[in-house]
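Count along the first sequence from 1, then add 90; that gives the number in this note's numbering. Every residue gets a Cβ at the ideal spot worked out from N, C-alpha and C, and that includes glycine. As the structure is a prediction and not an experimental result, all values here were calculated from the model.
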Amino acid sequence: MKATFAKTLSANDVGATGSHQAGILVPKADKELMAFFPVLDPAILNPDAWIICIDEFGDEWKFRYVYYNNRLHAEHGTRNEYRLTYLTKFFKRMGAKAGDSLLFSTTNEVGKYRISLKRKELPAEDSPPGVIVLQGWRRVH
DNA sequence: AGCCATGCACCG
DNA sequence: CGGTGCATGGCT
């Protein structure tokens, strides 16, 4: 199944906030996304998987897909979320800024994705009030 | 649910 | 010793 998803980058995602955690959040609420990315076993504490991403120039990037789930394991755990980390170098190379979009699409190979960075769209000067700038993840195809 | 932030380990 | 990433806590 071919699919494409886009994630609008937040300031924290690209490391612009001073967080040394360049990495984006993957909502576990989205079933399509859960199927899109590797399956991580909740029975394991903080399981992770590495995915290969090819950018538009043919360069390969390895990203870490982690399921922080200590809430399900540790006594007073508070985490229960999926994240994509290890993106610092990629963002630096691409010069990603908050508001840009990162696109993921599947390839023939399992665990391999095609990615590209889409620049933030400038707000149309004649935008009627109430126009919503999409945030977070959304399915493109 | 999602984004922001921090203490510490590791490595050049 | 500064940058990077991990794991976790905090705030909205």
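(message) Quick test of your reading: residue 94 and residue 195, contact by CB under 8 Å. State the CB separation rounded to the nearest angstrom.
(response) 4 Å
(request) Compute the Euclidean distance between the alpha carbons of residue 143 and residue 199, then round it to the nearest angstrom. (result) 11 Å
(message) Contact defined as beta carbons within less than 8 Å: I believe residue 177 pairs with residue 112. What is the distance between those atoms, to the nearest angstrom?
(response) 5 Å
(message) Give me the residue from 170, 161, 207 with the minimum Cα distance to residue 181.
(response) 207
(request) Please list, in chain order, all residues of the same chain as residue 96 whose beta carbon is under 6 Å from its beta carbon, the five residues on each side excluded. (result) 191, 193, 228, 230
(request) Please determine, among 132, 128, 102, the residue with the shortest C-alpha to C-alpha distance to residue 139. (result) 128
(message) I need the straight-line Cα distance from residue 165 to residue 146, nearest angstrom please.
(response) 44 Å
(request) State the CB to CB distance for the pair residue 115 and residue 173, rounded to an integer number of angstroms; the pair is presumed to be in contact (CB under 8 Å). (result) 6 Å
(message) Quick check on DSSP: helix, strand or coil for residue 161?
(response) helix
(request) Could you work out which residue in 121, 117, 201 is closest to residue 158 when comparing CA atoms only? (result) 117
(message) Give the list of continuous alpha helix (DSSP H) stretches no shorter than 4 residues that lie fully inside the segment 127-195.
(response) 178-184
(request) My understanding is that residue 188 touches residue 133, with C-beta atoms under 8 Å, so please give their C-beta distance in whole angstroms. (result) That pair is no contact at about 35 Å.
(request) Apply the 10 Å Cβ neighbour rule to residue 103 and answer buried if 16 or more other Cβ atoms are within range, or exposed otherwise. (result) buried
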